[in-house]
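Below is one structure, written out as structure tokens; comments come after it.
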Amino acid sequence: MGWGLQPRLTRKILTMKFATWNVNSLTVRLPQVLDWLQANPVDVLALQELKLTDDKFPVDAFRQAGYHAECFGQKTYNGVALLSREPALNVVRNVPGFADDMARSISAEVNGVRVIGAYFPNGQEPGSDKFEYKMAWLKGLRDWVRGELLTHPRLVLMGDYNITFDDADVWDPVGLKDTIHCTEEERYHLRALIALGLHDSFRLFAQPEKSYSWWDYRDFAFRRNHGLRIDHILVSDALKPLVTACVIDKAPRKNERPSDHAPVVVTLADTNKV
DNA sequence: ATGCCTCAGCTCCTGAGA
Numbered sequence: 001m002g003w004g005l006q007p008r009l010t011r012k013i014l015t016m017k018f019a020t021w022n023v024n025s026l027t028v029r030l031p032q033v034l035d036w037l038q039a040n041p042v043d044v045l046a047l048q049e050l051k052l053t054d055d056k057f058p059v060d061a062f063r064q065a066g067y068h069a070e071c072f073g074q075k076t077y078n079g080v081a082l083l084s085r086e087p088a089l090n091v092v093r094n095v096p097g098f099a100d101d102m103a104r105s106i107s108a109e110v111n112g113v114r115v116i117g118a119y120f121p122n123g124q125e126p127g128s129d130k131f132e133y134k135m136a137w138l139k140g141l142r143d144w145v146r147g148e149l150l151t152h153p154r155l156v157l158m159g160d161y162n163i164t165f166d167d168a169d170v171w172d173p174v175g176l177k178d179t180i181h182c183t184e185e186e187r188y189h190l191r192a193l194i195a196l197g198l199h200d201s202f203r204l205f206a207q208p209e210k211s212y213s214w215w216d217y218r219d220f221a222f223r224r225n226h227g228l229r230i231d232h233i234l235v236s237d238a239l240k241p242l243v244t245a246c247v248i249d250k251a252p253r254k255n256e257r258p259s260d261h262a263p264v265v266v267t268l269a270d271t272n273k274v
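Position 174 of the first sequence, counting from 1, maps to 174 under UniProt numbering, and the rest follow consecutively.
Written as structure tokens, this is what we have:
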């Protein structure tokens, strides 16, 4: 009997990889996204800040790379998309129940998992109109996700949250205390999402200190690791036991014309056994 | 620091990002 016939070695472990990446203009970054997908053939990739309209979305380029693509574009600002190896079913654009003139959320079912890819509002500055909009958007998202979890216990909520969880996500927690992405009001909303039955997959594992997902273009911030962890992949209670890894891939941030964000990737094992 | 860097738009500059 050969080794290959032993059950230990023949049992197939099914895994799924989900990733999120704010590309800061898909027009500029398309070659990098295609390169990254070739090196990192994830099952689902959520993209944010496309900064292009649907008619300019490069659906053919992604199809040739082996991906279905669903887009929710917008001129100049925002814009999100979901790429998936398997077809995306029941696609929903924006946050139902929250009136919004910006393209910030796209969701679908892939392999029985409800996936939401979102570009959370920046908020600009505490006290500003944009900050109030951010707070309202977060409440709208939470009210929607609460209901989604009832009908889709297997759920992944990922994207550019524009919020840090705590000081561990901030390169200079003293200097940046109470500034945008680091305020208690924003973090309250992030914890409220967690309280729905979601988990920050990155912190399910030991991680390098000073792990960030965004670095300012200015002031050699990446080289000095002056960053924030504001891109997150939250998984539902039902999926949490299946998460085997979560990493931030800093490699694309070293490209010649990089996005200011790095991709985040989560790996789930045996998704069909849930 | 009303700055720094990058992107879109239609510019030779502004707004926005984070």
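Idealized CB from N, CA, C, for every residue including glycine. Since the model is a prediction, treat every value here as computed from it, not as a measurement.
A straight line joining the alpha-carbon of N90 with that of G97 spans about 17 Å. Within the DSSP secondary-structure output, G227 pairs in a beta bridge with W215. Between the stretch 25–39 and the stretch 174–184 there are fewer than three inter-stretch CB-CB distances shorter than 8 Å, so the stretches are not counted as touching. In the displayed model, W137 falls within a helix according to three-state DSSP. The stretch 113–121 and the stretch 141–159 touch, with no fewer than 3 CB-CB distances between them shorter than 8 Å. Going by C-alpha positions, D166 is about 20 Å away from Y119.
The beta carbon of E109 is closer than 8 Å to those of A88, L89, N90, V115, H152 in its chain, skipping five residues each way along the sequence. In this structure the stretch 251–259 does not lie against the stretch 231–238, because fewer than three pairs of beta carbons, one per stretch, are closer than 8 Å. For the pair P241 and L47, the Cα-to-Cα distance works out to about 26 Å.
For A19, the enclosing beta strand (DSSP E) stretches over residues 15–22.
By the CB criterion at 9 Å, K130 and G140 fall outside the cutoff. H181 and I230 have their C-alpha atoms roughly 8 Å apart. Of the candidates Y212, D200, W144, the residue whose Cα lies closest to the Cα of V266 is D200. Put simply, the backbone Cα of N78 is about 14 Å away from that of K56. Rounded to the nearest angstrom, the Cβ distance from P121 to N94 is 13 Å, too far for a contact under 8 Å. Under DSSP, no beta-bridge partner is assigned to Q64. Residue pairing from DSSP places F72 in a beta bridge opposite V80. For V28, the uninterrupted alpha helix (DSSP H) run begins and ends at 26–39, by DSSP. Annotation: the continuous alpha helix (DSSP H) that includes I194 extends over 184–194.
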